[in-house]
Structures are given as C-alpha cells and as structure tokens.
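A.B. asks: I'd like to ask some things about the structure below.
2 protein chains.
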Amino acid sequence: MTVIEIGKKAKEITGILGILGSEKKNQGLKSAAKFLLSGEAEILAANEKDLDKAKKSGMNAGLIDRLELTSQRIGAMADGLLSVAALDDPIGEVISMKNRPNGLTIGQKRVPMGVVGIIYEARPNVTADAFGLCFKSGNAVILKGGSDALESNIAIVKWLRKGLSEAGLPEDSIQLITDTDREVTKEFMRLREYVDVLIPRGGAGLIRAVVDNSTIPVIETGTGNCHVFVDETADFNMALDIIFNAKTQRIGVCNACESLVIHRAVAPDFLPLLKERLSLKSVEIRADEEACSIVSDFVPATEEDWGTEYLDYILSLKIVGSIDEAISHINRYSTSHSEAIITSNYANAQRFLNEIDAAAVYVNASTRFTDGYEFGFGAEIGISTQKLHARGPMGLKELTTTKYIIYGNGQVRP
Amino acid sequence: MTVIEIGKKAKEITGILGILGSEKKNQGLKSAAKFLLSGEAEILAANEKDLDKAKKSGMNAGLIDRLELTSQRIGAMADGLLSVAALDDPIGEVISMKNRPNGLTIGQKRVPMGVVGIIYEARPNVTADAFGLCFKSGNAVILKGGSDALESNIAIVKWLRKGLSEAGLPEDSIQLITDTDREVTKEFMRLREYVDVLIPRGGAGLIRAVVDNSTIPVIETGTGNCHVFVDETADFNMALDIIFNAKTQRIGVCNACESLVIHRAVAPDFLPLLKERLSLKSVEIRADEEACSIVSDFVPATEEDWGTEYLDYILSLKIVGSIDEAISHINRYSTSHSEAIITSNYANAQRFLNEIDAAAVYVNASTRFTDGYEFGFGAEIGISTQKLHARGPMGLKELTTTKYIIYGNGQVRP
Numbered sequence: 001m002t003v004i005e006i007g008k009k010a011k012e013i014t015g016i017l018g019i020l021g022s023e024k025k026n027q028g029l030k031s032a033a034k035f036l037l038s039g040e041a042e043i044l045a046a047n048e049k050d051l052d053k054a055k056k057s058g059m060n061a062g063l064i065d066r067l068e069l070t071s072q073r074i075g076a077m078a079d080g081l082l083s084v085a086a087l088d089d090p091i092g093e094v095i096s097m098k099n100r101p102n103g104l105t106i107g108q109k110r111v112p113m114g115v116v117g118i119i120y121e122a123r124p125n126v127t128a129d130a131f132g133l134c135f136k137s138g139n140a141v142i143l144k145g146g147s148d149a150l151e152s153n154i155a156i157v158k159w160l161r162k163g164l165s166e167a168g169l170p171e172d173s174i175q176l177i178t179d180t181d182r183e184v185t186k187e188f189m190r191l192r193e194y195v196d197v198l199i200p201r202g203g204a205g206l207i208r209a210v211v212d213n214s215t216i217p218v219i220e221t222g223t224g225n226c227h228v229f230v231d232e233t234a235d236f237n238m239a240l241d242i243i244f245n246a247k248t249q250r251i252g253v254c255n256a257c258e259s260l261v262i263h264r265a266v267a268p269d270f271l272p273l274l275k276e277r278l279s280l281k282s283v284e285i286r287a288d289e290e291a292c293s294i295v296s297d298f299v300p301a302t303e304e305d306w307g308t309e310y311l312d313y314i315l316s317l318k319i320v321g322s323i324d325e326a327i328s329h330i331n332r333y334s335t336s337h338s339e340a341i342i343t344s345n346y347a348n349a350q351r352f353l354n355e356i357d358a359a360a361v362y363v364n365a366s367t368r369f370t371d372g373y374e375f376g377f378g379a380e381i382g383i384s385t386q387k388l389h390a391r392g393p394m395g396l397k398e399l400t401t402t403k404y405i406i407y408g409n410g411q412v413r414p
Numbered sequence: 001m002t003v004i005e006i007g008k009k010a011k012e013i014t015g016i017l018g019i020l021g022s023e024k025k026n027q028g029l030k031s032a033a034k035f036l037l038s039g040e041a042e043i044l045a046a047n048e049k050d051l052d053k054a055k056k057s058g059m060n061a062g063l064i065d066r067l068e069l070t071s072q073r074i075g076a077m078a079d080g081l082l083s084v085a086a087l088d089d090p091i092g093e094v095i096s097m098k099n100r101p102n103g104l105t106i107g108q109k110r111v112p113m114g115v116v117g118i119i120y121e122a123r124p125n126v127t128a129d130a131f132g133l134c135f136k137s138g139n140a141v142i143l144k145g146g147s148d149a150l151e152s153n154i155a156i157v158k159w160l161r162k163g164l165s166e167a168g169l170p171e172d173s174i175q176l177i178t179d180t181d182r183e184v185t186k187e188f189m190r191l192r193e194y195v196d197v198l199i200p201r202g203g204a205g206l207i208r209a210v211v212d213n214s215t216i217p218v219i220e221t222g223t224g225n226c227h228v229f230v231d232e233t234a235d236f237n238m239a240l241d242i243i244f245n246a247k248t249q250r251i252g253v254c255n256a257c258e259s260l261v262i263h264r265a266v267a268p269d270f271l272p273l274l275k276e277r278l279s280l281k282s283v284e285i286r287a288d289e290e291a292c293s294i295v296s297d298f299v300p301a302t303e304e305d306w307g308t309e310y311l312d313y314i315l316s317l318k319i320v321g322s323i324d325e326a327i328s329h330i331n332r333y334s335t336s337h338s339e340a341i342i343t344s345n346y347a348n349a350q351r352f353l354n355e356i357d358a359a360a361v362y363v364n365a366s367t368r369f370t371d372g373y374e375f376g377f378g379a380e381i382g383i384s385t386q387k388l389h390a391r392g393p394m395g396l397k398e399l400t401t402t403k404y405i406i407y408g409n410g411q412v413r414p
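Protein sequence lines correspond, in order, to chains R and B. Those letters in the first sequence? Residues 1 to 414, by the UniProt record's numbering. Those letters in the second sequence? Residues 1 to 414, by the UniProt record's numbering.
What follows is the structure, given as structure tokens:
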C-alpha cells in the first residue's frame with residue numbers, strides 16, 4: 001500500500017472515530033489489550049528476528065534494550081492500553097459557550113485532530129502507547145517506527161487491529177508504514193492533505209529531519225538542556241538533593257539536568273559539597289575557570305559545553321554574580337524544556353518563574369517532574385518544546401483541537 | 001540588515017516584552033497611533049510611489065484599492081491601535097493551578113509566543129494591525145509585506161517605531177524585511193531559531209508557498225470553500241436570507257458562501273425562489289444535472305466546481321437525498337472553514353454540528369460571522385483553517401502560548 005493510500009484510509013474513518021463515544025472507544029482499547037496479550041508468542045518471535053538482526057549489525061546495548069520485548073513488557077503495553085481506557089475522554093467537552101448581542105450562541109467544542117502521524121525510533125512499546133492515546137482522543141494514527149523494530153511493529157499492529165476488528169471498530173484506526181525507504185518517510189512527512197499533525201519522538205537528528213522536511217504541522221518534542229540555578233539564599237541540602245536527583249535519577253531522559261548555574265557568593269562553600277555528592281555517581285563536572293579554581297577536580301568547560309545535552313554522567317557548571325546573569329545565561333543556552341531555581345528568596349523565585357522562557361519552570365524541585373504522569377495527565381504522548389499548540393508534557397487533551405459551534409435563528413451579517 | 005540579524009534583534013527583546021505589563025504596552029500603542037497620524041504626509045507620499053508603480057505595471061482595480069491609503073484609512077489604522085490598547089491583556093493569566101499529591105503546585109500561565117512572523121500581500125493596513133496585536137500580546141513582530149506596498153510599509157513602520165521609541169519602548173518590537181528578493185523570503189521562512197510562529201495572510205498561492213517552505217511552525221489561514229445546506233425542514237425565507245447574505249454581502253472574503261447543498265425534497269419549490277433572489281445580484285449558479293432540470297438558467301457544474309472558492313458572484317449547487325449525503329459531500333469538498341445548515345429539525349441540527357469537520361459550524365446563521373470581531377474577540381489576526389494551536393478566528397489569545405510554573409519545597413523524583 002502506498003503512503004497516500006494509507007493517508008486516505010485514515011482520513012476516511014475520521015468521521016466515524018470523531019463521534020464514537022467513550023464507551024465504544026474503551027471497548028476497543030480493552031479488546032486491543034486482550035489481543036495484544038494473545039499475540040504474545042508471535043510478537044516475541046518477531047522481536048527475536050529484529051534482535052538477531054540488530055545484534056549482527058552491532059547495535060549498542062542501550063538500543064538493544066529499548067528494542068527488546070519480553071512477556072512482561074508486552075503485559076505492560078496491554079496494561080497501558082487499559083489505563084488509557086480508564087482516563088477521562090477529552091472529546092465533546094464544550095470549553096466555553098457565550099451569547100452575542102445579535103442572539104448568536106457561540107460555543108467552542110473539543111474535537112479530535114483527525115489523523116495523527118508519529119515517527120519514532122526502534123522502541124516497539126511506543127507502537128501500542130501511541131495507538132492508545134490517539135484512539136482514546138478520537139484520532140486515527142499512522143505510525144512510522146524505526147526500521148530496526150519493523151518485524152516487532154508489524155506483529156504488534158496486527159494484534160491491535162485484530163482487537164479493534166473484534167470489537168466492531170475500524171482496524172484502520174492504526175496503520176503502520178512498513179516501507180523502510182527514506183523517500184517513503186519523506187513522502188509521509190508531506191501528506192498534509194491527510195495528516196493533521198506529525199509528532200516525531202526520538203533523538204535530535206530524527207526531530208530535525210522531521211522539522212526540515214515536513215509540510216504537515218509538527219509538534220517538536222524532545223531535547224532538554226535543563227539547568228538548575230543555585231542562588232545565594234539556597235538551602236544547600238535541598239540544592240544537593242535536587243541536583244543529585246535531576247542529574248542521576250535517570251540520565252538518558254530529556255528532563256534530566258545537564259547544567260548548573262551557581263551564585264558566586266555560595267560557590268566556595270557549595271562546590272566542594274556538590275563535588276562530594278556527585279562523585280557518588282562519578283559525575284564529571286565541566287566548569288568555568290572560576291569554579292575550577294575552587295575545586296581542582298573539575299574539568300575546564302568549553303563554550304560548546306553550555307549548549308550540550310549530555311544524556312550521560314556529565315554536567316556543565318557556570319558561576320554567576322547575580323540572578324540577572326543566571327537568567328540571561330539560561331535563556332541563552334537552554335532548549336526551553338525545564339529549568340529550576342533553588343532559593344529561599346521570594347523575589348528571586350518570582351523573577352525566575354516570570355523571566356525564564358521554558359516549557360516548565362521550577363522553584364525548589366527537580367526538573368525530572370516534567371512528565372505527563374507526574375503532572376497528573378495520566379498519560380503522555382511526548383513533551384513539546386515548541387510554543388505552538390502545546391508546550392510541555394502532552395496528554396490526551398493535546399491530541400485534540402476545537403471547533404466553534406454556532407446556534408442561530410436566522411442571523412445574517414449586517 | 002540580513003534576515004538573521006533581524007531575527008536576532010527580535011529574539012533579544014522578547015525577554016523585555018514578555019514582562020512589560022499592560023500599562024506600558026498600552027502607552028506604546030497609543031504613542032504609535034499618535035506618531036502614525038503625525039507621519040501622515042510622509043506615509044501618503046510613500047503610498048503614492050507604490051500606487052504609481054502599481055498602475056504602471058497594470059495592477060487591477062481591486063488590488064489597487066487594497067494598496068491605496070488615504071487620510072481616512074491612516075486614521076482607521078491609528079484607531080485600530082487604540083482599540084487594541086483597550087482590549088484585555090491576555091498575558092500573565094494563570095489558566096489552571098493544581099496541587100499534586102507530592103506537594104508540588106503546578107500552574108499553567110499564559111505567556112507571549114516570543115517572535116511572530118507575518119507574511120502578507122500588498123495591504124499596508126495589515127502592517128499596523130499586525131503590529132498592534134503582536135505588541136499587545138507581548139510579542140516582537142517581523143513583517144514581510146508584499147513588495148508592491150514596500151514604500152508604504154517602510155513609512156508606516158518608521159512612524160510606528162518612532163512612537164515606540166518616544167514611549168521608551170524597544171523599536172525592534174516591529175521590524176520590516178525590506179529586501180524583496182524571493183530568496184530572502186525563503187530564508188525568513190527557515191528562521192526557526194529566532195521566530196516562534198509564522199502566519200501567512202493572503203491568497204492560496206502565498207499560503208501554499210509558506211507551508212511548503214517554512215520550517216517555522218505555521219498557522220495556515222485563509223481559503224474558505226464554505227457551504228450552506230438547506231435541509232427538507234428549512235424555513236425558505238430564512239434560507240434565502242442567509243444564502244443571499246453569505247454569498248453577496250462581501251464576495252472576496254474567506255467566510256463567503258461558495259457552494260449550496262439542497263435537499264431533494266424541497267428542491268423543486270426552493271430552487272426557483274433561490275434563483276429569483278440571487279438574480280438580484282446576478283449570481284451565476286453552477287448546478288448538478290438534477291438542479292439544472294428544475295431551473296433551466298442554471299449552468300451545469302463540473303467536478304472542479306465542488307472544490308472551487310470563487311470569491312465572485314458564482315455559487316455551486318448540489319442536490320442530495322439525505323443529511324448523510326450532505327455531510328459527506330461537505331466534508332469531502334470543504335476547506336473546513338465555515339459550514340452552515342438551515343433546518344428546523346433538532347436531530348439534523350445536532351448531527352450537522354457534530355459531524356461536520358470545520359473551524360466553525362452554524363445552525364441557521366450566515367457563514368459570514370466567522371470573524372474575530374463578530375465572535376467578540378475585539379480583534380483578529382486571521383482565521384486559522386488548520387487544527388494545530390488555533391482553529392477559526394484568532395485574536396490576542398491565539399498569539400500566546402503557556403508555560404508551566406511549578407512551586408516546590410525540595411521535591412525530588414522517586
């Protein structure tokens with residue numbers, strides 16, 4: 001099937017999906033979960049093929065781990081679908097309804113986007129997760145997964161579609177692009193006529209390729225060069241706990257801390273404590289000259305370090321003389337993902353919240369909380385780092401749009 | 001100045017603009033309005049140059065009219081800025097604030113986009129209008145107007161900047177790209193690092209070019225192939241009034257009616273009345289075979305007519321046997337702008353509102369109401385026909401984004 005045919009099929013069922021109602025959608029999700037479990041043997045066998053190929057081609061251990069499915073992981077995917085079924089349905093809510101002087105009543109109603117495209121890497125669990133969120137929000141989804149996970153994805157999608165079909169629901173609610181030709185992916189990115197939004201999930205290279213090539217509106221997700229600023233009034237223990245958590249609790253994620261900004265007044269006392277705490281996880285600290293003169297173990301930072309998302313046990317560190325300098329440094333180098341201040345000063349907290357330009361700005365908490373589950377959305381399709389449509393963690397609501405509904409009794413425009 | 005330099009200058013002042021506060025922004029708008037008026041002679045002289053050139057190159061009367069400035073039109077531009085000053089400031093509103101079980105308080109706050117780019121045709125009034133809305137919503141704006149209006153735009157921007165500067169506010173809140181080279185415009189469209197959103201305002205060709213070339217997130221505005229469906233229970237007089245209004249009150253606009261869908265049961269009685277009413281404005285009706293057999297004056301429609309936005313005294317007309325057929329025809333050919341049903345049947349009204357996929361769906365009212373002023377926003381930067389970020393008329397609120405602000409007291413992620 002060509003990409004255009006896939007697009008057409010998805011578009012064709014948007015009318016049905018848009019008015020399915022929560023009950024039927026939840027039945028579909030439950031049935032999909034059930035069939036996913038019953039397809040386990042086939043899915044694991046398909047995954048085995050992907051793994052064999054990946055190992056032969058020398059894929060690194062981290063990527064192999066993300067690619068690998070187990071009985072437990074398939075169970076987690078099925079549970080994920082059931083959790084989404086349990087979430088509130090965002091569709092149909094009338095956000096506002098107002099009367100106009102001419103007697104028109106104008107309401108704004110939440111409706112599905114229509115067709116959502118998702119381009120992602122070789123993580124087969126995304127296949128089921130993305131389907132669940134798109135389906136619950138009334139959207140058809142077209143998936144283009146990493147080619148290293150192709151066999152796994154084909155098997156997963158086959159069983160999800162069986163589940164839908166068994167529940168009397170359109171199988172084409174989920175479609176997978178199986179052609180791994182790069183030109184096909186490019187064609188997908190230009191399917192504006194059929195796809196309403198394209199969400200890339202993956203590393204910076206993937207996201208850049210989508211942004212550069214897509215004519216479909218894109219929601220950029222991803223990179224986080226997140227800072228923690230320790231001001232001159234910070235509680236040292238709180239600062240150490242938060243930095244340790246934000247840097248080391250999970251290193252490969254976009255909301256991990258990558259850079260510290262420390263007020264000059266506390267640097268001589270704080271930096272040795274910081275070094276001690278971070279050495280528990282052997283974190284390398286790349287610091288400016290002033291910081292290096294305080295702690296000799298620090299590695300001198302280069303200009304490049306300020307803008308680097310390490311996703312590793314490495315941190316950059318800069319000393320500043322004022323909150324103004326801190327804000328200006330962060331706004332210059334951050335990717336506008338998640339930024340935190342550790343302070344006990346009211347005015348500094350307010351200024352940081354107001355003046356830092358980021359999706360999530362924290363006072364006295366770890367940047368690791370930028371997450372759909374932690375924010376209480378019950379789900380997450382990604383974390384938007386752009387300003388259009390959605391900013392920060394995206395749940396079901398961010399997969400919807402609105403339409404105006406207008407009730408009249410014969411009004412014409414004068 | 002290169003486009004990149006312009007982008008950098010805009011980005012540099014976003015921090016200041018974001019926290020200016022309503023009072024200073026309103027002072028800036030009032031000062032800009034005052035200086036616009038005091039620059040009248042210079043602006044009119046510049047406009048005269050544009051008009052001379054346009055007439056020599058044989059520009060048509062409609063476009064000349066849109067290009068032409070008069071003392072009155074400059075007055076209207078200044079009044080527009082004062083009206084925007086009088087609107088509520090959307091910035092700083094906290095849309096929601098919730099406590100999480102771990103003690104974090106998570107709020108969502110409305111903030112400016114940052115830098116807004118606008119690409120438009122030779123309509124110098126857009127220059128002041130767009131500036132007013134962007135400035136009030138805390139954004140820096142970069143304008144690229146049609147080259148036929150270059151002299152006029154340079155003069156207008158000069159006086160608006162004087163007004164800002166006089167009020168002690170950053171002149172670079174409004175910048176104009178004066179290089180008319182197409183490559184420069186393309187470069188502008190790829191300035192993702194500095195521009196947060198790009199809004200094209202103009203005809204289908206301009207919008208297509210922006211969508212195809214931009215890497216900046218785009219809000220597509222514009223084309224409207226708007227339908228009115230007259231069902232079998234419609235009040236004929238109401239239907240005639242609404243169709244007449246929607247088609248003829250102003251023909252060159254995106255919310256004008258371009259196509260009618262008539263239920264078969266009422267066609268024999270309704271079509272002769274329709275023909276009579278629309279002949280008052282000599283509207284040409286391009287109809288399907290069945291309709292042509294009822295009214296011999298109708299012109300046979302081709303497949304192309306169903307998808308055409310005429311922006312002229314022309315309408316297409318199709319007869320259908322059911323509301324299902326009507327909905328399916330409209331969803332197939334509409335541009336998802338504004339669609340109306342004329343009915344006295346409750347179930348038909350509800351089905352139309354639920355199942356038509358468009359920015360604005362009307363029951364018993366003219367499609368001409370899809371407009372920021374008519375919707376009560378007090379302003380309009382355009383009408384979005386895409387689903388991402390904003391759908392339908394866009395006012396000040398649609399020029400904003402949000403950021404999460406999180407208040408903690410030492411929380412780390414377990």
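Where is the CB? At the ideal position from N, CA and C, for every residue including glycine.
1) So for B/C134, helix, strand or coil by DSSP?
2) Taking a cut of 9 angstroms between CB atoms, which residues from the region 19-51 of chain B lie near chain R?
3) Examine chain B for any beta-carbon lying closer than 8 angstroms to the beta-carbon of R/N364, and answer yes or no.
4) For the region 192-211 of chain R, which residues have a beta carbon sitting closer than 8 angstroms to at least one beta carbon of chain B?
5) If you compare alpha carbons, which of R/R332, R/I219 and R/A204 is closest to R/V261?
6) My understanding is that R/A236 touches R/L273, with C-beta atoms under 8 angstroms, so please give their C-beta distance in whole angstroms.
7) Output yes if chain R places a C-beta closer than 8 angstroms to the C-beta of B/P124; else output no.
8) State the start and end residues of the unbroken beta strand (DSSP E) segment that holds R/S338.
9) Any C-beta of chain B within less than 9 angstroms: which residues of the region 377-395 of chain R qualify?
10) What are the boundary residues of the alpha helix (DSSP H) that includes R/Q27?
11) Bridge partners of B/K144, per DSSP?
12) Below 6 angstroms CB to CB, which residues in the same chain sit around B/G114 once its five sequence neighbours on both sides are set aside?
13) Any chance the region 354-374 of chain R sits against the region 330-346 of chain B, with 3 or more Cβ pairs inside 8 angstroms?
14) Could you compute how far the alpha carbon of R/N245 sits from the alpha carbon of B/R123?
15) What do you get for R/P268, buried or exposed, if any count of 16 or more other CB atoms within 10 angstroms of its CB means buried?
16) Under 8 angstroms, Cβ to Cβ, is there at least one residue of chain A near R/N348?
17) Buried or exposed: B/G146, going by 16 or more other Cβ atoms within 10 Å of its Cβ?
18) Return yes when the Cβ of R/T402 is within less than 8 angstroms of the Cβ of R/K109, no when it is not.
19) Pull out every residue of the region 60-76 of chain R whose Cβ sits closer than 8 angstroms to any Cβ of chain B, in chain order.
20) Measure the CB-CB distance between R/V412 and B/I242 and report whether it falls below 8 angstroms.
21) Based on DSSP bridge pairs, tell me the residues matched to R/T401.
22) Can you name the residues of chain B whose CB is closer than 7 angstroms to the CB of R/A359?
23) Counting only beta-carbon separations shorter than 8 angstroms, does R/V412 have a partner in chain B?
24) Between R/E151, R/A360, R/D324 and R/Y346, which has its C-alpha nearest R/A340's C-alpha?
25) Where does B/G382 sit, in a helix, a strand or coil, going by DSSP?
26) Flag this pair as yes or no: are the beta carbons of R/L315 and R/K247 separated by less than 8 angstroms?
27) Measuring straight from C-alpha to C-alpha, what distance separates B/L63 and R/R208?
28) Cutting at 7 angstroms between CB atoms, please list the residues of its own chain near R/I91, excluding the five before and the five after it.
29) Between B/I251 and chain R, is there a C-beta pair that is closer than 8 angstroms?
30) Can you give me the C-alpha to C-alpha distance between R/A128 and R/G382, rounded to a whole angstrom?
31) Using a Cβ distance threshold of 8 angstroms, determine whether the region 211-226 of chain B contacts the region 185-192 of chain B, with at least three qualifying pairs required.
32) List the residues of chain B that R/F135 touches, going by C-beta distances under 8 angstroms, in chain order.
33) Please state the DSSP three-state secondary structure of B/G205.
34) In the structure shown, what three-state DSSP assignment does R/F229 receive?
35) Interface residues of chain R around B/N354 at Cβ under 7 angstroms?
36) Kindly identify the DSSP beta-bridge partner or partners of B/M1.
C.D. replies: On the basis of the coordinates in this document:
1) helix
2) I19
3) yes
4) The region 192-211 of chain R vs chain B, Cβ under 8 angstroms: R192, D196, V197 and V211.
5) When only C-alpha atoms are compared, the closest one is R/R332.
6) Note on identity: in this sequence residue 236 of chain R is Phe, with Ala being the wrong assignment. 6 angstroms between Cβ atoms; contact.
7) no
8) Residues S338 to I342.
9) So the list reads Q386, K387, L388, H389, A390, R391, G392 and P393, given in the order they occur along the chain.
10) S22 to S38
11) B/I119
12) T14 and D196
13) No, the region 354-374 of chain R does not touch the region 330-346 of chain B.
14) 55 angstroms
15) exposed
16) The chain labelled as chain A is not found among the protein chains of the depicted structure, namely R and B.
17) It counts as buried.
18) yes
19) none
20) Result yes, Cβ atoms of R/V412 and B/I242 sit closer than 8 angstroms.
21) R/V111
22) K403 and Y404
23) At least one chain B Cβ lies under 8 angstroms of R/V412.
24) R/A360
25) Three-state result, B/G382: strand.
26) Yes, the pair counts as a contact, with Cβ atoms nearer than the cut-off.
27) 39 angstroms
28) Cβ contact annotation for R/I91 (same chain, cutoff 7 angstroms, sequence separation greater than five): R110, V111, P112, S137, G138 and T400, in chain order.
29) no
30) 14 angstroms
31) yes
32) By Cβ distance, chain B contributes nothing, its closest Cβ being about 17 angstroms from R/F135, past 8 angstroms.
33) helix
34) Look at R/F229 here: in three-state DSSP terms it is strand.
35) The contacting residues are I19.
36) Per DSSP, none; premise fails for B/M1.
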